[in-house]
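Asks:
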Amino acid sequence: MDDLFSWLEDGWFAEAIRGTAYLFPVLESIHIIGIALLIGLAAAFDLRLLGLGRQKLRVTTMANYLLPLSRLGFVIAAVTGVLMFLPGASLMADRGSAPWKLGLILIAGLNILSFHRRTYRSVSDWDLGEPSPVPARIAAVVSLTSWTGVTVAGRLLAYT
Numbered sequence: 023m024d025d026l027f028s029w030l031e032d033g034w035f036a037e038a039i040r041g042t043a044y045l046f047p048v049l050e051s052i053h054i055i056g057i058a059l060l061i062g063l064a065a066a067f068d069l070r071l072l073g074l075g076r077q078k079l080r081v082t083t084m085a086n087y088l089l090p091l092s093r094l095g096f097v098i099a100a101v102t103g104v105l106m107f108l109p110g111a112s113l114m115a116d117r118g119s120a121p122w123k124l125g126l127i128l129i130a131g132l133n134i135l136s137f138h139r140r141t142y143r144s145v146s147d148w149d150l151g152e153p154s155p156v157p158a159r160i161a162a163v164v165s166l167t168s169w170t171g172v173t174v175a176g177r178l179l180a181y182t
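In structure tokens form, the structure reads like this:
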């Protein structure tokens, strides 16, 4: 695995990121914008699943407006995250918080997949005015917890 990380660090793209003034901080800033889109909008949707605005906001309306932008945020965060990983791949992979961050991203992704493949299929029964079913509320708590953990683990990458 160390050979792979060394290869990534020695690649022309990693060299370009290291060697271009202000490129890394620009990537970091764009990464934060992606995180804000991803987690902020997903959190708003999760809060609706937990009952906030149940009498006025349809789950389907929120899903249609918020989740596509949240997905865009994920793409932005993922691409910039990979680009920031390249110049220091060995160092970042060695950090104690790296497996936590990746593991929590995996949990969040599986949670999303499970929610949309199972629970969301019956949304017409609880779209407006009705409490979300227990599986939807559990998915919301898992989402809020895992994305918060991803954020904390990502910040700890700089310090662990």
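Basically this note's numbering = 1-based index in the sequence shown + 22. Glycine is no exception: its CB is placed at the ideal position from the N, C-alpha and C atoms. The structure displayed is predicted, hence computed values, not measured ones.
Do Glu-31 and Gly-103 have their C-beta atoms within less than 8 Å of each other?
Replies: Here residue 31 refers to the residue found at position 9 of the sequence shown. Here residue 103 refers to the residue found at position 81 of the sequence shown. Cβ atoms of Glu-31 and Gly-103: not closer than 8 Å.
Asks: Just to confirm, is the Cβ distance from Ser-119 to Thr-170 under 8 Å?
Replies: Here residue 119 corresponds to residue number 97 of the sequence shown, with the count starting at 1. Here residue 170 corresponds to residue number 148 of the sequence shown, with the count starting at 1. No, the Cβ-Cβ distance between Ser-119 and Thr-170 is not below 8 Å.
Asks: Taking the alpha carbon of Arg-70 as the point to measure from, which residue in Leu-178, Thr-173, Ala-175, Trp-148 has its own alpha carbon closest?
Replies: Start at 1 with the first residue of the sequence shown, and residue 70 comes out as number 48. Nearest option by C-alpha distance: Trp-148.
Asks: On the DSSP letters alone, give me the boundaries of the alpha helix (DSSP H) that Gly-56 sits inside.
Replies: Counting from 1 along the sequence shown, the entry for residue 56 is found at position 34. Element bounds for Gly-56: 45–57.
Asks: Looking at the unbroken alpha helix (DSSP H) that takes in Gly-73, where does it start and where does it end?
Replies: In the sequence shown, residue 73 corresponds to position 51, counting from 1. Careful: Gly-73 lies outside any alpha helix (DSSP H) and carries neither H nor E.
Asks: Return the residue from the list Ile-54, Leu-105, Ala-43, Ala-85 that minimises the CA-CA distance to Arg-177.
Replies: Within the sequence shown, residue 177 is the residue found at index 155, counting from 1. The candidate whose alpha carbon is nearest that of Arg-177 is Ile-54.
Asks: Quick check on the burial criterion: 16 or more other C-beta atoms within 10 angstroms. Buried or exposed for Asp-25?
Replies: Here residue 25 is taken as the residue at index 3 of the sequence shown, counted from 1. It counts as exposed.
Asks: Between Leu-45 and Arg-159, what straight-line distance do the alpha-carbon atoms span, to the nearest angstrom?
Replies: Locating residue 45 in the sequence shown gives position 23, where the first residue counts as 1. Locating residue 159 in the sequence shown gives position 137, where the first residue counts as 1. Each residue's Cα considered, the two are about 40 Å apart.
Asks: Which residue marks the beginning of the alpha helix (DSSP H) containing Ala-161, and which one marks its end?
Replies: Indexing the sequence shown from 1 puts residue 161 at position 139. Ala-161 -> alpha helix (DSSP H) spans 156–178.
Asks: If the criterion is Cβ atoms closer than 8 Å, does the pair Phe-107 and Leu-60 meet it?
Replies: Along the sequence shown, read from residue 1 onward, the residue named residue 107 stands at position 85. Along the sequence shown, read from residue 1 onward, the residue named residue 60 stands at position 38. No, the Cβ-Cβ distance between Phe-107 and Leu-60 is not below 8 Å.
Asks: Taking the straight line between their C-alpha atoms, what separation do you get for Leu-126 and Leu-89?
Replies: As a position in the sequence shown, residue 126 is number 104, starting the count at 1. As a position in the sequence shown, residue 89 is number 67, starting the count at 1. Each residue's alpha carbon lies about 19 Å from the other.
Asks: Taking the alpha-carbon positions, what's the Val-145 to Val-81 distance?
Replies: The sequence position of residue 145 within the sequence shown is 123, counting from 1. The sequence position of residue 81 within the sequence shown is 59, counting from 1. The alpha-carbon atoms of Val-145 and Val-81 are separated by roughly 7 Å.
Asks: Return the chain-ordered list of same chain residues with a C-beta closer than 8 Å to the C-beta of Ala-66, the five sequence neighbours on each side being excluded.
Replies: Taking the first residue of the sequence shown as position 1, residue 66 is located at position 44. Same-chain partners within the cutoff: Met-84, Leu-88.
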